[in-house]
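Peer 1: At position 270 of the sequence shown the residue is numbered 279 (the working numbering), and the sequence of numbers has no breaks. Glycine is no exception: its CB is placed at the ideal position from the N, C-alpha and C atoms. Quick caveat: nothing in here was measured; it's all calculated off a predicted structure. Mind looking over this structure? Questions follow.
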Amino acid sequence: MAETAPFRRRVGSVRPSHLMFTSGVAALVDLPNFSVLIKGLDDWSHRGLPDAMPIAEPRLLEEVQRSVGKSVQKLMPAPWMEGLDQDATGPASRVGVPVVPFPSWFRCTACNELGALDSGIFKFENSKPRKPHEARFFHDRCKRNKPLAVAARFVLTCTNGHLDEFPYSHFVHRGEACTKATHPRLRMEDHGGNLGANVNIKCVNCGEHRNIRQAQGRRGEENLPRCRGRHPHLAVFDPQGCDRAPKLLVVGASNQWFAKTLSALAVPRSGASALDAKIEQHWGIIESLPPAMYPWARENAPAFRELDQWSDEEIAEAVERRKDKLAGAGGGERPSGHIDLRTPEWEVFSAQRLPDPDLDFALRRDIDGVPEPLTGIYGDVVQAERLREVRALIGFTRLDAPDPEDPELVRIVQLARDRPTWVPASEVRGEGIFLRPPEDLLIAWEKRVADSEALRLHQEAYARHRKNRYSDRIATMSDFDPMAHWPGARFIALHTLSHLLIRTISLECGYSSASLSERIYSSTDDDPHRGGILIYTAVPDAEGTLGGLVSLAEPDQLVRLTRRALADARHCSSDPLCADRLPQAPADFLHGAACHICLFVSETTCERGNKFLDRRFVVPIGDPDLALYPEVP
Ligand SMILES: [Zn+2]
Ligand SMILES: [Zn+2]
Ligand SMILES: [Zn+2]
Ligand SMILES: [Zn+2]
Ligand SMILES: [Zn+2]
Numbered sequence: 010m011a012e013t014a015p016f017r018r019r020v021g022s023v024r025p026s027h028l029m030f031t032s033g034v035a036a037l038v039d040l041p042n043f044s045v046l047i048k049g050l051d052d053w054s055h056r057g058l059p060d061a062m063p064i065a066e067p068r069l070l071e072e073v074q075r076s077v078g079k080s081v082q083k084l085m086p087a088p089w090m091e092g093l094d095q096d097a098t099g100p101a102s103r104v105g106v107p108v109v110p111f112p113s114w115f116r117c118t119a120c121n122e123l124g125a126l127d128s129g130i131f132k133f134e135n136s137k138p139r140k141p142h143e144a145r146f147f148h149d150r151c152k153r154n155k156p157l158a159v160a161a162r163f164v165l166t167c168t169n170g171h172l173d174e175f176p177y178s179h180f181v182h183r184g185e186a187c188t189k190a191t192h193p194r195l196r197m198e199d200h201g202g203n204l205g206a207n208v209n210i211k212c213v214n215c216g217e218h219r220n221i222r223q224a225q226g227r228r229g230e231e232n233l234p235r236c237r238g239r240h241p242h243l244a245v246f247d248p249q250g251c252d253r254a255p256k257l258l259v260v261g262a263s264n265q266w267f268a269k270t271l272s273a274l275a276v277p278r279s280g281a282s283a284l285d286a287k288i289e290q291h292w293g294i295i296e297s298l299p300p301a302m303y304p305w306a307r308e309n310a311p312a313f314r315e316l317d318q319w320s321d322e323e324i325a326e327a328v329e330r331r332k333d334k335l336a337g338a339g340g341g342e343r344p345s346g347h348i349d350l351r352t353p354e355w356e357v358f359s360a361q362r363l364p365d366p367d368l369d370f371a372l373r374r375d376i377d378g379v380p381e382p383l384t385g386i387y388g389d390v391v392q393a394e395r396l397r398e399v400r401a402l403i404g405f406t407r408l409d410a411p412d413p414e415d416p417e418l419v420r421i422v423q424l425a426r427d428r429p430t431w432v433p434a435s436e437v438r439g440e441g442i443f444l445r446p447p448e449d450l451l452i453a454w455e456k457r458v459a460d461s462e463a464l465r466l467h468q469e470a471y472a473r474h475r476k477n478r479y480s481d482r483i484a485t486m487s488d489f490d491p492m493a494h495w496p497g498a499r500f501i502a503l504h505t506l507s508h509l510l511i512r513t514i515s516l517e518c519g520y521s522s523a524s525l526s527e528r529i530y531s532s533t534d535d536d537p538h539r540g541g542i543l544i545y546t547a548v549p550d551a552e553g554t555l556g557g558l559v560s561l562a563e564p565d566q567l568v569r570l571t572r573r574a575l576a577d578a579r580h581c582s583s584d585p586l587c588a589d590r591l592p593q594a595p596a597d598f599l600h601g602a603a604c605h606i607c608l609f610v611s612e613t614t615c616e617r618g619n620k621f622l623d624r625r626f627v628v629p630i631g632d633p634d635l636a637l638y639p640e641v642p
């Protein structure tokens with residue numbers, strides 16, 4: 010990381026994957042003595058990095074354009090150069106991501122003087138290029154000699170994603186001006202204690218003082234000024250201003266920043282999407298042909314030779330699909346909202362005929378099919394010997410994480426002032442296992458649980474959760490549907506099965522569960538019979554794969570693993586508490602029989618924040634009718 014003018018010094022280093030997804034653009038990054046804010050893309054540069062190549066993934070780029078705008082032409086890795094360890098002042102030291110100190114209010118650790126950097130009372134010092142983390146500010150006009158000044162750790166934020174300095178002078182003077190000075194001197198006394206903030210702000214000139222607790226919670230809403238709509242990463246204020254109440258946030262709080270990312274596996278086009286691609290390619294010829302002419306065209310038009318594997322009906326349907334799409338696109342924008350990066354992946358994994366392997370993607374199915382003891386558990390098992398996942402950062406939120414299914418709901422903030430020509434991305438290579446329960450089993454189970462009390466409670470909790478989470482926004486939304494984007498019972502069963510397997514794999518095979526990822530392919534409105542899970546390794550910044558994960562799909566291993574996962578699922582050491590749990594009013598958590606002991610995985614692994622999990626929907630605990638697998642092998 011490199012601080013920008015007026016300092017432009019190196020202040021620390023962060024792994025490139027971190028820079029995007031754990032603390033990317035506009036995130037606050039904690040350094041030992043102060044914190045910095047990562048600036049917007051307008052200030053990033055790949056200069057000095059002649060080898061910085063865009064990451065190719067057309068399917069992802071298309072969706073990024075759909076979300077961010079057509080201006081985006083490339084997916085780029087973060088500016089990063091190896092070699093800093095060997096040569097601290099070499100070329101690598103001039104490459105980095107620009108940051109700015111934020112908050113810019115500091116407190117002297119010797120005399121408690123509180124002031125903003127632009128008041129000039131604090132000076133910056135970073136004398137050792139090899140130790141950028143020793144960069145620090147000190148109180149220049151202190152009685153003591155250059156005592157350390159640390160960031161005053163309070164900031165304001167809001168659900169529109171704004172971030173601002175804490176208005177110390179306004180706060181201590183209760184919204185009025187100081188009666189004694191135009192630029193009053195302030196002090197911050199930190200009385201410590203772990204039970205919330207106990208920090209007193211004092212005006213040296215007039216003697217007013219106030220505890221920071223009065224800026225918290227409900228009281229805070231009355232005592233704080235309106236949100237100014239500030240986006241410090243872009244150095245702008247929102248021209249529309251802001252209608253949200255600002256909230257006090259302490260630097261380091263985990264809800265200060267959430268990445269909004271898109272991820273795609275590099276999959277070859279197959280099935281319907283392959284046909285669509287062919288139709289698009291030969292549109293000039295196919296468009297004008299009535300379906301009755303197709304048999305003739307197969308004999309006479311070269312383009313039709315590439316359509317051998319599809320029937321006349323399939324081609325006619327694909328032509329209609331494309332006509333609809335073109336008609337819809339006539340209005341300008343493509344349909345916004347749900348971004349479907351998963352369907353092409355599902356089509357490839359579930360296809361009868363697996364695609365030819367390439368460098369990014371190779372699948373294999375055991376010739377003997379699903380091992381005999383597991384035929385009641387899985388309808389299909391596919392080994393993914395090679396996978397490549399590309400992730401792009403397209404925005405961020407504060408206070409609430411972006412809702413994966415409901416992109417409109419939480420306001421996503423842009424990464425750049427102007428329309429960006431690129432967004433940060435990273436690629437990871439790995440391997441995985443794709444598992445699909447028998448579809449008839451899933452259908453029968455869906456019927457069994459449809460009217461169950463347990464499922465009803467999950468659905469009610471979901472509605473409650475949405476209402477609570479978006480309580481400050483519902484008023485401005487005329488058509489709030491509390492059940493919108495409910496993932497469905499099938500999702501809960503698949504998701505729970507995925508977690509059970511991930512936990513067993515990490516126990517048995519020594520994978521840290523954080524190095525595993527999951528993708529749940531569950532039913533959609535268009536495709537009610539979708540149902541599979543992919544468990545895969547995706548470790549950023551690591552070369553190649555960890556090896557071994559695909560071997561878990563070999564018959565013996567898979568039998569042992571699955572048996573253990575399902576057997577373990579029947580008990581949790583916090584039963585009966587865990588086994589009996591259902592989300593009941595007024596609680597609005599979104600899991601049933603699930604907890605840290607039996608089912609949760611690390612947040613980097615789970616695609617849904619450990620929500621929508623319940624062991625009772627997979628194995629019999631209590632009522633066996635609720636279980637997808639009433640009999641465990
Ligand atoms: Zn001092
Ligand atoms: Zn005062
Ligand atoms: Zn705001
Ligand atoms: Zn449990
Ligand atoms: Zn999960």
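Give the single residue among Asp365, Gly388 and Ala410 whose Cα lies nearest to the Cα of Glu394.
Peer 2: Asp365
Peer 1: Anyone know if the C-beta pair for Leu157 and Cys117 falls short of 9 Å?
Peer 2: yes
Peer 1: Touch check for the segment 222-230 and the segment 36-45: three-plus C-beta pairs under 8 Å?
Peer 2: no
Peer 1: From this set, Trp355, Ala425, Gly201 and Thr384, which residue's C-alpha is nearest Leu372's C-alpha?
Peer 2: Trp355
Peer 1: Measuring from each Cβ to the nearest heavy atom of ligand 3, keep the ones under 5 Å and list them in chain order.
Peer 2: Cys167, Asn169, His171, Cys236, Cys251 and Arg253
Peer 1: With DSSP as the reference, identify every bridge partner of Pro433, one or two as the case may be.
Peer 2: Met85
Peer 1: Can you round the beta-carbon distance between Arg617 and His504 to whole angstroms, since I take them to be within the 8 Å contact cut?
Peer 2: 7 Å
Peer 1: Given the structure, does Leu622 come close to ligand 5, in the sense that its CB is under 8 Å from one of the ligand's heavy atoms?
Peer 2: yes
Peer 1: Is the beta carbon of Arg400 closer than 9 Å to that of Met29?
Peer 2: yes
Peer 1: Does ligand 2 have a heavy atom nearer than 8 Å to the CB of Gly216?
Peer 2: Checking the 8 Å criterion, the Cβ of Gly216 is within range of a heavy atom belonging to ligand 2.
Peer 1: With a cut-off of 8 Å on the beta carbons, I'd call Phe146 and Phe163 a contact; round off their distance for me.
Peer 2: No, Phe146 and Phe163 are not in contact; Cβ-Cβ is about 17 Å, not under 8 Å.
Peer 1: Starting from the C-beta of Asp409, find all residues in its chain whose C-beta is less than 7 Å away, skip the five residues before and the five after it, and write them out in chain order.
Peer 2: Within its own chain, the residues whose Cβ lies closer than 7 Å to the Cβ of Asp409, once the five positions on either side in sequence are excluded, are Thr168, Val419 and Arg478, listed in chain order.
Peer 1: Buried or exposed: where does Val627 fall if 16 or more other Cβ atoms within 10 Å of its Cβ makes it buried?
Peer 2: buried
Peer 1: Once DSSP output is grouped into helix, strand and coil, what is the label at Ser44?
Peer 2: Of the three classes helix, strand and coil, the one that applies to Ser44 here is strand, per DSSP.
Peer 1: Of the residues Val391, Phe43 and Ala502, which one's Cα is nearest the Cα of Val259?
Peer 2: Check the Cα spacing between Val259 and each of Val391, Phe43 and Ala502: the tightest is with Phe43.
Peer 1: At a threshold of 8 Å, does Val627 count as lining ligand 5 (C-beta to nearest heavy atom)?
Peer 2: no
Peer 1: Any idea what DSSP makes of Asn477, helix, strand or coil?
Peer 2: helix
Peer 1: Under the three-state reduction of DSSP, which class applies to Glu296: helix, strand or coil?
Peer 2: coil
Peer 1: Quick check on DSSP: helix, strand or coil for Glu122?
Peer 2: strand
Peer 1: Within 10 angstroms of the Cβ of Val109, are there 16 or more other Cβ atoms? Answer buried if so, exposed if not.
Peer 2: buried
Peer 1: If you draw a straight line from the alpha carbon of Ile501 to that of Ile542, how long is it in whole angstroms?
Peer 2: 12 Å
Peer 1: Indicate the three-state DSSP secondary structure (helix, strand or coil) for Thr191 in the structure shown.
Peer 2: coil
Peer 1: Quick one: does the C-beta of Asn154 sit closer than 8 Å to a heavy atom of ligand 1?
Peer 2: no
Peer 1: Could you check what DSSP says for Tyr545 in three-state terms: helix, strand or coil?
Peer 2: strand
Peer 1: Among Leu599, Ile606 and Arg572, which one has its Cα closest to the Cα of Cys587?
Peer 2: Ranking Leu599, Ile606 and Arg572 by Cα distance to Cys587 puts Ile606 first.
Peer 1: Within the continuous beta strand (DSSP E) that includes Pro107, where are the two ends?
Peer 2: Pro107 to Pro110
Peer 1: For Cys151, which residues in the same chain have their Cβ closer than 8 Å to its Cβ, ignoring the five residues on either side in sequence?
Peer 2: Cys117, Ala119, Cys120 and Glu122
Peer 1: Is the distance from the Cβ of Pro433 to the Cβ of Leu424 below 9 Å?
Peer 2: Yes. Within cutoff.
Peer 1: Determine whether the beta carbon atoms of Leu570 and Leu510 lie at a separation below 9 Å.
Peer 2: Leu570 is a Cβ neighbour of Leu510, given a cutoff of 9 Å.
Peer 1: I'd like the list of long-range same chain contacts for Leu50, defined as Cβ closer than 8 Å, with 5 residues on each side in sequence excluded.
Peer 2: Val34, Leu424, Ala425, Pro429, Trp431, Val432 and Pro433
Peer 1: Taking the continuous beta strand (DSSP E) assigned at Glu134, which residues delimit it?
Peer 2: Phe131 to Glu134
Peer 1: Apart from the five residues just before and just after Asn214, which ones in its own chain have a Cβ nearer than 7 Å to its Cβ?
Peer 2: For Asn214, where only same-chain residues beyond five positions count, the Cβ hits under 7 Å are Cys187, Lys189, Ala190, Pro193 and Arg194.
Peer 1: Can you give the beta carbon distance from Leu274 to Glu398, rounded, assuming they're within the 8 Å contact cut?
Peer 2: 5 Å
Peer 1: Per DSSP, what are the beta-bridge partners of Cys117 in this structure?
Peer 2: Residue pairing by DSSP places Cys117 opposite Ala158 in a beta bridge.
Peer 1: So the candidates are Leu368, Ala547, Asp52 and Gly439; which of them puts its Cα closest to the Cα of Val241?
Peer 2: The sequence as given places Pro at residue 241; Val does not occur at that position. When each option's Cα is compared against that of Pro241, the closest is Asp52.
Peer 1: Going by Cα to Cα distance, which pick from Pro86, Val391, Ala160 and Asp349 is closest to Asp535?
Peer 2: Asp349
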